[in-house]
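Reviewing the structure listed below.
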Amino acid sequence: MDYNHKSIEKKWQKFWADHQTYKTSDSHQKPKYYVLDMFPYPSGAGLHVGHPLGYIASDIFSRYKRLKGFNVLHPMGYDSFGLPAEQYAIQTGQHPAVTTEVNIKRYREQMDNIGFSYDWSREVRTSDAAYYKWTQWVFMKLFDSWYNKESDKAEPIESLTARFSVTGSAGVQAVSDEDVLEFTAAEWNAFDEEKQQRELLKYRIAYLRESTVNWCAALGTVLANDEVINGVSERGGYPVEQKKMMQWSMRITAYADRLLAGLDSIDWPEPLVEMQRNWIGKSVGASVKFPVPQLDTTIEVFTTRVDTIFGVSFLVLAPEHELVSALTTTEQQAEVEAYIEKTSKKSELDRMADTKTVSGAFTGSYAKHPISGQDVQIWIADYVLAGYGTGAVMAVPSGDQRDYVFAKHFNLEIIPISDSQQIEEQADPNKDGRYINSGFINGMTYQEAVPALIAKLEELKLGKAKINYRMRDAIFGRQRYWGEPVPVYFKNGLPYLIKEEELPLLLPEVDKYLPTESGEPPLGRAKDWKYEDQYEYELSTMPGWAGSSWYWFRYMDPKNEEHFASREAVDYWKAVDLYIGGSEHATGHLLYSRFWNKFLKDLGYHNEEEPFRKLINQGMIQGRSNFVYRVLDAEGRGTNKFVSYGLRDEYNTIPLHVDVNIVVNDILDLEKFRNFRPDFANAEFVLENGKYICGSEVEKMSKSKFNVVNPDDIIESYGADTLRLYEMFLGPLEQAKPWNTNGIEGVYKFLRKVWRLFHDAEGHFTVSDEEPSKAEFKALHKIIKKVEEDIERFSFNTSVSAFMICVNELTDLKCNKRQILEQLIVVLQPYAPHITEELWSLLGNEPGTLSYAAYPAFKPEYLVESEFAYPVSFNGKMRFNLPLALDLDQNAVEDIVRAHVDVQKHLDGKAIRKIIFVKGKIINIVV
3 MDYNHKSIEK KWQKFWADHQ TYKTSDSHQK PKYYVLDMFP YPSGAGLHVG HPLGYIASDI
63 FSRYKRLKGF NVLHPMGYDS FGLPAEQYAI QTGQHPAVTT EVNIKRYREQ MDNIGFSYDW
123 SREVRTSDAA YYKWTQWVFM KLFDSWYNKE SDKAEPIESL TARFSVTGSA GVQAVSDEDV
183 LEFTAAEWNA FDEEKQQREL LKYRIAYLRE STVNWCAALG TVLANDEVIN GVSERGGYPV
243 EQKKMMQWSM RITAYADRLL AGLDSIDWPE PLVEMQRNWI GKSVGASVKF PVPQLDTTIE
303 VFTTRVDTIF GVSFLVLAPE HELVSALTTT EQQAEVEAYI EKTSKKSELD RMADTKTVSG
363 AFTGSYAKHP ISGQDVQIWI ADYVLAGYGT GAVMAVPSGD QRDYVFAKHF NLEIIPISDS
423 QQIEEQADPN KDGRYINSGF INGMTYQEAV PALIAKLEEL KLGKAKINYR MRDAIFGRQR
483 YWGEPVPVYF KNGLPYLIKE EELPLLLPEV DKYLPTESGE PPLGRAKDWK YEDQYEYELS
543 TMPGWAGSSW YWFRYMDPKN EEHFASREAV DYWKAVDLYI GGSEHATGHL LYSRFWNKFL
603 KDLGYHNEEE PFRKLINQGM IQGRSNFVYR VLDAEGRGTN KFVSYGLRDE YNTIPLHVDV
663 NIVVNDILDL EKFRNFRPDF ANAEFVLENG KYICGSEVEK MSKSKFNVVN PDDIIESYGA
723 DTLRLYEMFL GPLEQAKPWN TNGIEGVYKF LRKVWRLFHD AEGHFTVSDE EPSKAEFKAL
783 HKIIKKVEED IERFSFNTSV SAFMICVNEL TDLKCNKRQI LEQLIVVLQP YAPHITEELW
843 SLLGNEPGTL SYAAYPAFKP EYLVESEFAY PVSFNGKMRF NLPLALDLDQ NAVEDIVRAH
903 VDVQKHLDGK AIRKIIFVKG KIINIVV
C-alpha cells in the first residue's frame, strides 16, 4: 500500500472532529499549559501559506506538551468585528454578519485541512453577542472605577464617592483630569446629581471628553494612529485630518508605571519590549507654568531640563491647543488660521516623523517668564502635539536642536545658558560647565541648579517636580456600525450605564451602514432605538481592540453565562504560557491587553499581573515572484511575444509578474499562461532548450504580484503534513524567509520514506518484534533528544533536518523493529500528525490515542560509543575499516589485527615490524 496523503488526512481529520480528540479536559489534576495564537480577522481572501506559520509552530508545541503529560489549552477564535466587512456592507448592502460568517467558514475549512489540534468547542467570536456581552461588561467596570494612587490600583467609583461625602476632595490622590474641583464634604453633598456626575467623569477610568482625533471623512470614522500612513487611511488610502470630537477614552496612563515594570517579568522579544518602553516613554522632569496676564491664565509645559529655563526665548503650542484662538491677535489671525488648516491635513505620526520641515505661526501674544518676568513670544507649530504632555513646550534654542533650527528659521533670540555649551548641541547635564545668563543659578552645576529651581517654582506656585509619560489615554470609540455597542445612554447630556442584567446591548438593525444625513454615526439610523424609550444611546461603537483585550480569559470558560470566566477556571489556567503572533501588535493589542488584564486583577477577578508569560513573534513568509519578459516594439509598446529568462538581454523587454501557480521549478506552463489573461491568448514564446524559464525575485506575498500561494493547493498536491514540515523547514520561526514551492518535493519524499519503514517492497505493512540493534537504538535516541531540545527552545527547523537524517539512518539499517518505529512516530507526531496517526493505528494501537501517548524517555546510554571503526593503514596508507570495542587495550588489539584475514591479505607475506595504536583514532601497521 502506497502512502496516500489525501485519504489518510481526510480520515483522521474526520476522526478527530467526530471524537473531539483535542477537547481540553475539565479535570484540573494534570499540570496545565496554555498555548495561544493571536486570533485572526477573517478576511474574504482566506489564508495564504504565510498565515499558518505561527499556527503550525503553536500546534507543534501544543501536541508536544500533551505528549509530556500536560493538560493543554489550545483554542482558536475570530476577531470578527472590523472595517472590511463594513466597507463591503456599504458597497453591497449585505449585513456584515453575513460576510463575516462566510469568511469564518472558509477560514475554519482551511485550518481543519492543516490538521490543527484546536479545541473548537471553545471557539469565540468577538462579534457574537454572547461574547461581546462581556466586552460591554468590562467597559461598565472601567466606567465605574477610578485609579487610587495610594493603593496603586483601580477601585470601584463608590469608594471615591464615599470619601467625597465624608472628607471632600482633600487628600484624594487619583489619576484624573487636570481641572478637578476642590470641595468639602458638605459642598459635595450639596451638589446636585448632574454636578456630581460631571465631576466623577473626570476620575472614571473610562470617560468621555473632547479629544483631538484622526478623522477620516471617507470612512466616516476616527482612526487610531497605526491606521494612518502618510496622512491617509491604511485601508482605502483616504485623506485623514485632525479634528476635535467628544470621544470615549480609557485612562491607560494610570497604569504607565505598572506597564513599564511588568516588562521586566515577562519573556518577550527584546525589540518588542523596547517598543513598548518607548511608547510609554517615562520622563522625569518638572511642570512649569508661564503666566498669560491678558487671559488671566497660564500655559503649562513639561520639561525634563528645567535647568535650561533661563534659555527660554519663546513658547510653542500645538495648533490644536485650547488657548490658540484666544491668544491669536487680529493681525495674526489669517496666518494662524491658515496654518491650523494646513496642519489638520497631517496625521500625528507624520508630524512626529517630519524632522526636516520648519513651519509655524506667531500668535501675536506673549507670556511672562515664570522667574524673570520677561515677555516670551507664543508661537504655534505642528511639531508640538496636543495629546503629548501639555500640548506646549518651552523652547530653548541653545539647548535643543529642533528649537535651534526653528529659532534660526524665524530669526528668534538664542540665549547661551552654559559656559561649556556649544550652540546647536544638545545641552549635556553631565558636563562640568556652569550656568551663565541664568539668574540666581548662575555659577551652579546641574546637580545644584535643578533642586533650587524646583523649590523656587513651588514657592511662586508656578511649577513642581513631575513625572510625565509619552503614552496618551486610549481613544475608545469608532463612528462605525460593525462593532460593540457602548452600553451607555445619555440623560441631561451626561453618560449613564444601562443595568448589568440588560446586557448584551445588541446591535440594532439599520437601513444603511453609512452616517446619517446630519453626520451622526450609522447607529443613528436605528429606528426607535432608545433606552427606556426616552434616552439616547451612545451612537459610536467600540474600537477594534476592545474584544481582543481580554479574549484569552473567555477561552478558559467560554460557555459561562454568569461570569466572563469562573474563578476556578482563571485560578487554574492563570496566564497564557506561550503566545505566538505578529510584531505589528507591539504597541496596540499587546499594550491594551496588558492594561485590561491589570485592571481586572485590581478588581479581584484574577491574580495575574501579566497576561502573556512568553511571546514569540513569527517572521513573515515572503513570496517568491516569477516574471516573464515581454518584448517591446520600436516605439516601446508591449508586443505579444515573450522571451525566456536567459535570452532576455538579446531583446528590448519589460518584466511582468506572472502567477506562480502556473510555474513549476521556474518553468512556465505555456498553455496556462495563454489562459492567464485574455490578451495573452495568442502569446508567442522564445524558448531555451524547448522551455520557457521565468525570472524570480523575493517580495512580499501579495495578490498584485501574483505570488500568493494557497495552502489548499499545496495540501491537495503534497498533503498537510508536508506543508507543516516544510513551513518549519524554511528557517528559524522568528526570521523572515521566502516561500519556494520548488523545495517542497524533498519534504514529501521524506514522508514517503517514513511510510516505507513500515512496509515491505510490495507495500505490505510489516514490522518486526525482534530486539533492535545498538545502531538502531542509537538513531532513535539521538532523535528523541534532539527533538525535545529543539521544541523546548522553539527551534523547529533543525528538528525537521534531524528527522530526515534519522530516517535515512534507519533506512540504511533496514530497520523495521516495532520498538524503534513506534517511538519514532510519537516523536514525529507533533510535526506530522496525520501520517503518524495512521501508522500508530496500523501498529495495533487504539485509534486516537497517539495524541496522549507518552513522549519517549531519552536514555543516554544508547549514545555512549562502545565500538569504533578504526581506519587500518599500512605504512600510512589507509586500506579498510576494522570495528573494535573501545575498551580493548594495546595487546588485545594487536592480537586481533595480526589474525585478521584482511590484514594478512594486505601483508602479502611481509612481516609486521610495528603496530601503532591510538585508542578511538587509528591503527597503523608498519611493515
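First residue of the sequence shown? That's 3 in the numbering used here, and the numbers climb one at a time after it.
Here a beta-carbon is modelled for each residue, glycine too, at the ideal position from N, C-alpha and C.
Bear in mind that the values here come from a model prediction, so they are computed numbers and not experimental data.
Does DSSP put Pro54 in a helix, a strand or coil? Here the question's residue 54 lines up with position 52 in the sequence shown. DSSP places Pro54 in helix when its eight states are reduced to three.
Which residue from Gly393, Ala409, Thr392 and Ala394 puts its Cα closest to that of Ser400? For this step, residue 400 is matched to residue 398 along the sequence shown. Closest by alpha carbon: Ala409.
Tell me which residues share the same chain as Ile822 and place their Cβ nearer than 8 Å to its Cβ, disregarding the 5 neighbours each side in the sequence. Working through the sequence shown from its first residue, we reach residue 822 at position 820. Around Ile822: Pro774, Glu778, Phe779, Ala781, Leu782 and Leu812.
Do Asn619 and Gly583 have their beta-carbon atoms positioned less than 9 Å apart in this structure? Here residue 583 refers to the residue found at position 581 when the sequence shown is read from its first residue. Here residue 619 refers to the residue found at position 617 when the sequence shown is read from its first residue. In this structure, Asn619 lies closer than 9 Å to Gly583 by Cβ.
Could you have a look at Ala913 and say whether DSSP puts it in helix, strand or coil? As a first step, residue 913 is located in the sequence shown; it is residue number 911 there, counting from the start. DSSP places Ala913 in coil when its eight states are reduced to three.
Classify Gln22 as buried or exposed, calling it buried when 16 or more other Cβ atoms lie within 10 Å of its own Cβ. Here residue 22 refers to the residue found at position 20 of the sequence shown. Exposed is the call here.
Pull up the distance between the alpha-carbon of Ser550 and that of Ile116, whole angstroms please. Locating residue 550 in the sequence shown gives position 548, where the first residue counts as 1. Locating residue 116 in the sequence shown gives position 114, where the first residue counts as 1. The straight-line gap from Cα to Cα measures roughly 25 Å.
Between Val275 and the rest of its own chain, which residues show a CB-CB distance below 7 Å, the 5 nearest in sequence each way excluded? As a first step, residue 275 is located in the sequence shown; it is residue number 273 there, counting from the start. Closer than 7 Å at Cβ, skipping near neighbours: Leu265.
On the three-state DSSP scale, how would you describe Gln244? By one-based count along the sequence shown, residue 244 stands at place 242. Strand, per DSSP.
Length of the line joining the Cα atoms of Val174 and Asn150: Walking along the sequence shown from the start, residue 174 turns up at place 172. Walking along the sequence shown from the start, residue 150 turns up at place 148. Going by the C-alpha atoms only, they are around 8 Å apart.
With the cut-off set at 9 Å, would you say Leu602 and Phe555 are in Cβ contact? Locating residue 602 in the sequence shown gives position 600, counting from the first residue. Locating residue 555 in the sequence shown gives position 553, counting from the first residue. The answer is yes: Cβ separation under 9 Å.
Any alpha helix (DSSP H) of 4 or more consecutive residues that is wholly inside the stretch 787 to 829: 798 to 814
Entirely within the stretch 94 to 174 and at least 3 residues each: give me those beta strand (DSSP E) ranges in chain order. Correct list: 147 to 150 and 155 to 158.
Taking 9 Å as the CB-CB cut-off, is Thr851 touching chain C? This model lacks chain C altogether; it includes just one protein chain.
Alpha-carbon spacing of Gly238 relative to Ser843, whole angstroms: Taking the first residue of the sequence shown as 1, we reach residue 238 at position 236. Taking the first residue of the sequence shown as 1, we reach residue 843 at position 841. Whole-angstrom Cα-Cα distance: 52 Å.
Applying the 10 Å Cβ sphere with the 16-neighbour rule, what's the burial state of Met3? Position 1 of the sequence shown, counted from the first residue, corresponds to residue 3. Counting Cβ neighbours within 10 Å, Met3 comes out exposed, since fewer than 16 surround it.
State the DSSP-derived secondary structure class of Gly648, mapped to helix, strand or coil. Sequence index remark: in the sequence shown, residue 648 carries index 646 (1-based). Three-state DSSP puts Gly648 in a helix.
Excluding sequence positions up to five away, which residues of its chain have a Cβ less than 6 Å from the Cβ of Gln737? Along the sequence shown, read from residue 1 onward, the residue named residue 737 stands at position 735. Shown here for Gln737: same chain residues with a beta carbon closer than 6 Å to its own, the five before and five after excluded, namely Gly621 in chain order.
Of the residues Asp889, Lys861, Ile925 and Ala894, which one's Cα is nearest the Cα of Arg881? For this step, residue 881 is matched to residue 879 along the sequence shown. Looking at the Cα atoms, Ile925 is the closest of the given residues.
Are the beta-carbon atoms belonging to Asn818 and Val769 less than 9 Å from one another? Within the sequence shown, residue 818 is the residue found at index 816, counting from 1. Within the sequence shown, residue 769 is the residue found at index 767, counting from 1. Yes.
So who's on the other strand from Gly640, going by DSSP bridges? Walking along the sequence shown from the start, residue 640 turns up at place 638. In DSSP, Gly640 forms a bridge with Leu634.
Is the beta carbon of Tyr864 closer than 9 Å to that of Lys776? Residue 776 sits at position 774 when you count from the first residue of the sequence shown. Residue 864 sits at position 862 when you count from the first residue of the sequence shown. The Cβ-Cβ distance between Lys776 and Tyr864 falls below 9 Å.
Return the CA-CA distance between Lys28 and Lys16, expressed in angstroms with no decimal places. For the purposes of this step, residue 28 is taken as the residue at position 26 of the sequence shown. For the purposes of this step, residue 16 is taken as the residue at position 14 of the sequence shown. For clarity, residue 28 is Asp in the given sequence; the question names Lys instead. Going by the C-alpha atoms only, they are around 23 Å apart.
Between Asp1 and Lys34, what straight-line distance do the alpha-carbon atoms span, to the nearest angstrom? Examination of residue 1 is not possible in this model, given that the chain is present from 3 through 929 alone.
Check Arg556 in the structure and name its three-state DSSP category. Reading the sequence shown from its first residue, position 554 is the one you call residue 556. DSSP places Arg556 in helix when its eight states are reduced to three.
Please name the residue in His591, Phe566 and Tyr483 whose C-alpha comes closest to that of Thr930. Nothing about residue 930 can be reported from this structure: the residues present for the chain run from 3 to 929 only.
If you draw a straight line from the C-alpha of Glu157 to the C-alpha of Lys463, how long is it? As a first step, residue 157 is located in the sequence shown; it is residue number 155 there, counting from the start. As a first step, residue 463 is located in the sequence shown; it is residue number 461 there, counting from the start. Rounded to whole angstroms, Glu157 to Lys463 spans 31 Å at the Cα level.
For the stretch 192 to 249, list the alpha helix (DSSP H) runs that are entirely contained and at least 4 residues long, ordered along the chain. For the stretch 192 to 249, whole alpha helix (DSSP H) runs of length 4 or above, ordered along the chain, are 195 to 202.
Any 3 or more C-beta pairs closer than 8 Å across the stretch 246 to 255 and the stretch 351 to 362: no
Are the beta-carbon atoms of Gly56 and Thr101 separated by less than 9 Å? For the purposes of this step, residue 56 is identified with residue 54 of the sequence shown, where counting begins at 1. For the purposes of this step, residue 101 is identified with residue 99 of the sequence shown, where counting begins at 1. Against a cut-off of 9 Å, the Cβ pair of Thr101 and Gly56 comes out as no contact.
Own chain, CB closer than 7 Å to Gln453, minus 5 neighbours either side, in chain order: Here residue 453 is taken as the residue at index 451 of the sequence shown, counted from 1. It should be pointed out that residue 453 corresponds to Pro in this sequence rather than to Gln. Contacts found: none.
Keeping to the same chain, check which residues put their C-beta closer than 7 Å to that of Glu701; ignore five residues upstream and five downstream. On the sequence shown, residue 701 is found 699 positions in, with the first residue counted as 1. Once the five neighbours on either side are set aside, the close Cβ partners of Glu701 are Gln624, Gly625, Ser627, Lys707 and Asn709.
Sufficient close CB pairs (3 or more, under 8 Å) joining the stretch 374 to 385 to the stretch 324 to 343: yes
Unbroken stretches of the alpha helix (DSSP H), 4 residues or longer, contained in the stretch 742 to 767: 746 to 759
Given this structure, state the Cα-to-Cα distance separating Tyr80 from Gly233, to the nearest angstrom. One-based indexing of the sequence shown puts residue 80 at position 78. One-based indexing of the sequence shown puts residue 233 at position 231. So the two alpha carbons sit approximately 30 Å from each other.
Span of the alpha helix (DSSP H) holding Pro946? Absent from the model: residue 946. The displayed extent of the chain is 3 to 929, so no value can be given.
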